[in-house]
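Engineer:
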Amino acid sequence: MNGPLSRVLAATAVLLSALSVPAATGSAEARPAELTAACPTTGWVSQHFHSGHNGVDIANDVGTPIYAVGDGEVTISGYTGDYGQWIRVLHPDGRISEYGHMSRRDVSVGDHVVAGQQIALMGAEGTDVDGSHLHLRIWGDRSTSYGIDPEVYLAERGVVLPCTPGSGPRPKPPVYPAESGRVVSARSADGRLEVFAAGADGVHHAWQQEVNGNWSAWEPLGGPGNAELAIAPNADGRLEMFALSGSTFQHRWQLSPSGGWSNWETFGGGGRDTAAGVNADGRIEVYASGPVGLFHRYQLAPNGGWSEWEATGGGPADSRVEMEKSPDGRLEVFALGADTFQHAYQTAPNGGWSTWETFGGGGHDLTVDHNADGRLEVFASGPNGVFHKCQTTTVSWSGWEGTGGPADAQLSSERTPDGRVEVFAMNGSTAMHTWQRAVNGAYGDWNAFGGGGTEVTAATNADGRMEVFGTNHTGTFHTWQTGFSTWSEWTWLNTTAGPTQG
């Protein structure tokens with residue numbers, strides 16, 4: 004995506020009307036079970052994952068049982084001199100768990116194992132081994148081109164080290180909101196990414212044809228032209244997508260998890276911007292901005308019908324809106340106007356909302372993400388670049404700090420496979436990105452990420468690789484991680500340019 008591009012003109016916003024619409028009446032099929040993890044062994048963490056150690060060491064006595072962290076197929080079960088006896092298990096999402104230094108192996112190549120099944124006994128085999136321990140690695144893809152911090156991988160699946168085998172996973176991690184904007188992407192229940200892009204002729208849709216795989220052709224859906232989009236999963240795994248233009252608000256939903264989609268149905272009147280999040284109990288909640296502030300509506304039950312639109316007591320008129328989930332499960336909403344930045348939050352999980360609080364001055368765009376420890380981090384762009392602030396506790400925030408970066412940029416953010424936040428910024432002349440140099444840590448310098456464009460959004464594949472989508476006046480493009488810190492070139496998703504935004 005090269006060359007200066009014109010800035011997207013803001014749609015004229017009109018007051019949101021409180022329209023009541025029927026419930027999404029899709030199939031009530033159960034969501035396919037997501038990959039859950041089992042405790043790999045008992046012991047203490049003697050060495051963590053870092054740049055010089057591509058795994059985590061869990062130490063205990065020789066002969067301590069070792070268990071598969073998830074369902075999968077054994078692809079390696081053997082011996083090598085420097086590693087001793089070792090095992091690899093390929094999991095359904097394309098990731099691989101690897102176990103090393105064992106004194107005994109209990110599975111063979113081709114065996115199917117289930118989460119929590121004993122596969123080996125701990126040992127101290129191999130060279131330069133400092134005592135009996137399990138060396139556990141998690142590879143991000145089948146090519147084993149990059150590793151994922153096993154502690155982050157397990158924690159996202161409900162297991163925190165040290166753990167007790169057989170105790171089962173902890174409660175399911177929170178469902179964090181997807182970035183809203185003129186391009187949105189989320190994973191279906193089966194792990195395939197789906198992407199929606201707004202154009203003058205309505206919304207266009209493409210999807211991965213297999214998990215972590217290639218993309219379908221663009222499918223024109225009609226619906227509101229030049230819309231702002233949001234997407235969220237229902238409690239049963241069906242995605243639901245929302246499209247807001249200056250004159251109308253519509254939505255559509257999957258008829259079954261990972262399945263086809265309903266037709267458009269009216270969701271309200273027109274407005275400026277929208278965002279969607281999922282409550283702790285699984286109910287979707289939607290915010291939208293207009294000329295007299297922000298309004299919201301929410302599902303009355305998981306997978307169910309909707310409340311009427313309700314005023315929120317103000318908020319910046321015609322603001323850019325994003326939602327995130329606090330570490331304790333409360334939704335938080337951030338609204339950035341030209342002259343002011345405000346913030347509101349649930350006073351309890353699934354509960355009512357606070358009054359609007361001042362969060363900063365005005366700006367161009369925003370993105371919100373969460374650190375590996377759950378603390379929220381907010382980025383906002385303006386004429387002097389990109390600024391950020393972060394939670395210091397669940398109820399307090401740092402001050403704003405400048406980061407550099409391009410002026411008046413569209414922003415998006417996502418977490419890397421090892422839990423670090425990465426931020427993407429695109430204006431009419433350039434695209435750049437920056438990332439945390441350590442988990443929960445400080446950010447490095449901004450780096451070039453391509454030419455200019457009009458919108459950017461980031462998502463994560465089932466194997467942990469990030470994929471970034473960008474638009475300009477010639478079409479919709481994407482780039483994806485090819486390794487832990489390397490990226491593909493920008494290309495079309497498929498054989499056609501897709502919707503344009505200029």
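So for the sequence shown, this note's numbering puts the first residue at 4; every next one is plus one.
Think of the CB as a built atom: it goes at the ideal place given N, C-alpha and C, for glycine as much as any other residue.
1. From LEU93 to SER146, what distance separates their C-alpha atoms?
2. If you draw a straight line from the alpha carbon of GLY501 to that of ASP204, how long is it in whole angstroms?
3. Which residues does DSSP pair with ASP372 in a beta bridge?
4. Who are the Cβ neighbours of VAL65 in its own chain at under 8 Å, not counting the five residues just before and after it?
5. What does PHE452 pair with, by DSSP beta-bridge criteria?
6. For ALA62 and VAL371, I'd like the C-alpha separation in whole angstroms.
7. By how many angstroms is the C-alpha of VAL116 removed from the C-alpha of THR167?
8. So what's TYR156 in DSSP terms, helix, strand or just coil?
9. To the nearest angstrom, report how far apart TYR179 and THR474 are at their CA atoms.
10. Between the beta-carbon of ILE79 and the beta-carbon of ARG98, is there less than 8 Å?
11. Let me confirm a value: ALA351 is counted as buried when at least 16 other C-beta atoms fall within 10 Å, else exposed. Which label applies?
12. When the Cα of SER357 is compared with those of HIS367, GLY366, VAL336, ALA118, which residue comes out closest?
13. State the start and end residues of the unbroken beta strand (DSSP E) segment that holds SER80.
14. With distance defined between alpha-carbon atoms, name the residue in GLY467, ALA462, GLU425, MET469 nearest to TRP449.
15. What three-state label does DSSP hand CYS166 in the structure shown?
16. Decide yes or no for the touch test of the region 191 to 201 against the region 222 to 233: beta carbon pairs closer than 8 Å, at least 3 of them.
17. HIS254 to GLU243, Cα distance in whole Å?
18. Would DSSP call TYR348 helix, strand or coil?
19. Helix, strand or coil: which one does DSSP assign to ASN306?
20. Restricting to Cα atoms, I'd like to know which of CYS42, ASP114, GLY307, ASN266 is closest to GLU159.
21. Please list the terminal residues of the continuous beta strand (DSSP E) segment that includes PHE487.
22. With a threshold of 6 Å on Cβ separation, who are the neighbours of GLY73 within its own chain once the five nearest residues in sequence on each side are excluded?
23. On the DSSP bridge list, what partners appear for TYR102?
24. Please return the same chain residues whose Cβ sits closer than 6 Å to the Cβ of SER261, not counting the five positions on each side in sequence.
25. Using DSSP's beta-bridge definition, name the partner residues of TRP356.
26. Which partner residues of ALA233 appear in the DSSP bridge assignment?
27. For the putative contact between HIS373 and GLU417, defined by C-beta atoms under 8 Å, what is the C-beta separation to the nearest angstrom?
28. How many Å lie between GLU154 and GLU311 at the Cα?
29. Could you give the C-beta distance for ALA233 and PHE252, rounded to a whole number, given that I count them as a contact under 8 Å?
30. Could you give the DSSP three-state label for PHE52: helix, strand or coil?
31. Measuring alpha carbon to alpha carbon, tell me which residue in LEU496, GLY293, TRP210, THR361 is nearest TRP403.
32. Name the two residues that bound the continuous beta strand (DSSP E) containing GLN211.
33. Using the Cα positions of ASP152 and TRP142, report the straight-line distance between them to the nearest angstrom.
34. Beta-carbon within less than 8 Å of TRP438's beta-carbon, same chain only, minus the 5 sequence neighbours each way: which residues are those?
35. Give me whichever residues DSSP pairs with ARG108 in a beta bridge.
36. Alpha carbon to alpha carbon, how far is THR460 from TYR348?
Structural biologist: Taking the definition as stated:
1. Answer to the nearest angstrom: the Cα atoms are 11 Å apart.
2. 12 Å
3. GLU380
4. SER106, LEU124, MET125, GLY126, ALA127, SER135
5. Paired residues: none, contrary to the question.
6. 38 Å
7. 19 Å
8. helix
9. 24 Å
10. no
11. Flag for ALA351 reads exposed.
12. VAL336
13. DSSP places SER80 inside the beta strand (DSSP E), whose first and last residues are 75 to 83.
14. GLU425
15. coil
16. yes
17. 7 Å
18. Three-state result, TYR348: strand.
19. coil
20. That would be CYS42, whose Cα lies nearest to the Cα of GLU159.
21. Where PHE487 is concerned, there is no enclosing beta strand (DSSP E), given that its DSSP letter is neither H nor E.
22. Taken in chain order, the residues that qualify are LEU38, ALA40, HIS94, ALA118.
23. Paired residues: ILE90, LEU139.
24. SER191, ALA192, ASP193
25. GLN349
26. PHE245
27. A Cβ-Cβ separation of about 11 Å leaves HIS373 out of contact with GLU417 under the 8 Å criterion.
28. 42 Å
29. Wrong, their Cβ atoms sit about 10 Å apart, outside the cutoff.
30. Three-state result, PHE52: coil.
31. THR361
32. Neither: GLN211 is in no beta strand (DSSP E) and is coded neither H nor E.
33. 9 Å
34. So the qualifying residues of the chain are THR419, ARG423, VAL424, GLU425, VAL426, TYR446, GLY447.
35. ALA123
36. Rounded to whole angstroms, THR460 to TYR348 spans 24 Å at the Cα level.
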